[in-house]
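Engineer:
There are 2 protein chains.
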Amino acid sequence: MSDAREKQRFLQLLRERGQRVTGERLALFDEIFSQHGHIDAEELLAAMKARGLKISRATVYRNLDLLVACGLARKQRLERNRFLYEHVHSGQQHDHLVCTGCGRVVEFISPGIAALQAEICRAHGFVATRHTLQIIGLCNQCAQQQPAKAVPGGRTAHV
Amino acid sequence: MSDAREKQRFLQLLRERGQRVTGERLALFDEIFSQHGHIDAEELLAAMKARGLKISRATVYRNLDLLVACGLARKQRLERNRFLYEHVHSGQQHDHLVCTGCGRVVEFISPGIAALQAEICRAHGFVATRHTLQIIGLCNQCAQQQPAKAVPGGRTAHV
DNA sequence: CGATCTTTTGAGACTGCATCTCAACAAGAT
DNA sequence: ATCTTGTTGAGATGCAGTCTCAAAAGATCG
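What follows is the structure, encoded as structure tokens:
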């Protein structure tokens, strides 16, 4: 766990901002940094309650936003109706492959795409603060299970 | 207006699917194809009501999804809490620069990025059906108005 | 054209995620 | 220990989107 470093930074940022170090904040920090990947606010809330912590929904949402504001977490809207949060590791911004079959989310990093993005911004005089890139489709396994991916025709569900 | 061609296609698709050609569907089609850019469902509903059409929220949502299923429109989740819809022009998939200052959305196309994405999918054995790429930041004008973009520090709003 | 069958619509209830409210609480300063 | 002020919790509220079901309107056929 090299989270200690991040935690120090968190405490420091709180002090700089004149904000308080509360049990809830530390617990939330621990929870999100113990997660290996992405998690949404409701899951986080449930996980914390499951391990006996008393914390309210409002506090979870508030402090997730706080972590984001501190640059310690990232908030992304993926498919469907939810934000996903993930703790920031080493400042590397990455992008996502989202499988519509199993819901799995795989990260990837592409310096080439990043470079092209920078170029596009330059061309438009646009000052980027961040970006989100998701490639939606089927992962290896799911693609094999549904080989004949017919046109979503007929009177079947409107996805 | 080269929408006539698209409209024929829409009518044809409806028949193929055994679905009905209703006044509401045609009206919605006209509305979204008369829009030059992106629009969300609520705006669309409001716009249609404003011009005296009687149509319900449920119908708007249902038929937007239908247009998407027909490949005539695209649905994207951008920032904040809304889906944006846009009619598909010439099948060109494009990406978006989203200005947090004025809310403007500018489209761009980058074959280079598309190629890199394809490569990434290949490397992961991922079968992509689509993607969304947004670059969030400040457009030319807004960037000049807020030159000293300080760190979002202090006790100001948690964005 | 009118009867019939089936899809579609509309109004409003409902859902789920997220935010807001405000009194009670607790962290940090003195 | 006390005081000040940021923070919390419970529930209300907001909002986008979905669902329900009876009524209305396409399509089909005689």
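Sequence order for the protein chains is V and B. Numbering follows this note's numbering, with no gaps: position 89 of the first sequence is 90. Numbering follows this note's numbering, with no gaps: position 45 of the second sequence is 46. Just so it is clear, CB atoms sit at the ideal spot from N, CA and C, and this is done for glycine as well.
1) Rank 72/B, 124/B and 144/B by C-alpha distance to the C-alpha of residue 131/B and give the top, closest one.
2) Smallest Cα separation from residue 95/V: which of 36/V, 75/V and 46/V?
3) Could you tell me whether any Cβ in chain V is nearer than 7 Å to the Cβ of residue 115/B?
4) Indicate the three-state DSSP secondary structure (helix, strand or coil) for residue 23/B in the structure shown.
5) For residue 37/B, does the count of other Cβ atoms within 10 angstroms reach 16, so buried, or fall short, so exposed?
6) Quick one: using the 10 Å Cβ neighbour count with 16 as the cut-off for buried, is residue 97/B buried or exposed?
7) Could you please give me the residues that DSSP links to residue 56/B through a beta bridge?
8) Do you know how far the Cα of residue 59/B is from the Cα of residue 108/V?
9) Got a sec: which bits of the stretch 95-120 of chain V sit with their beta carbon under 8 Å from any beta carbon on chain B, in order along the chain?
10) In whole angstroms, what separates the C-alpha of residue 28/V from that of residue 20/V?
11) Have a look at residue 64/B and residue 31/B and give me their C-alpha separation to the nearest angstrom.
12) Can you tell which of 124/B, 105/B and 33/B has its C-alpha closest to the C-alpha of residue 127/V?
13) How is residue 1/V classed by DSSP in three states: helix, strand or coil?
14) So, residue 133/B versus residue 77/V, is the Cβ gap smaller than 7 Å?
Structural biologist: Reading off the structure:
1) Minimum Cα distance to residue 131/B is reached at 72/B.
2) Closest by C-alpha distance to residue 95/V, out of 36/V, 75/V and 46/V, is 75/V.
3) No, its Cβ sits nowhere closer than 7 Å to a Cβ of chain V.
4) Coil at residue 23/B, not helix or strand.
5) Residue 37/B is exposed by the Cβ-count criterion.
6) Buried is the call here.
7) The partner list for residue 56/B (beta bridge, DSSP) is empty, contrary to what the question assumes.
8) In this structure, the straight-line span from the alpha carbon of residue 108/V to that of residue 59/B is close to 36 Å.
9) The residues in question are 98, 100, 101, 107, 109, 111, 113, 114, 117 and 118.
10) Those two C-alpha atoms are separated by around 16 Å.
11) Distance between the alpha carbons of residue 64/B and residue 31/B: 12 Å.
12) Closest in alpha carbon position to residue 127/V, among 124/B, 105/B and 33/B, is 105/B.
13) Residue 1/V is absent from the structure shown; chain V starts at 2 and stops at 160.
14) Cβ distance not < 7 Å, so residue 133/B and residue 77/V don't count as in contact.
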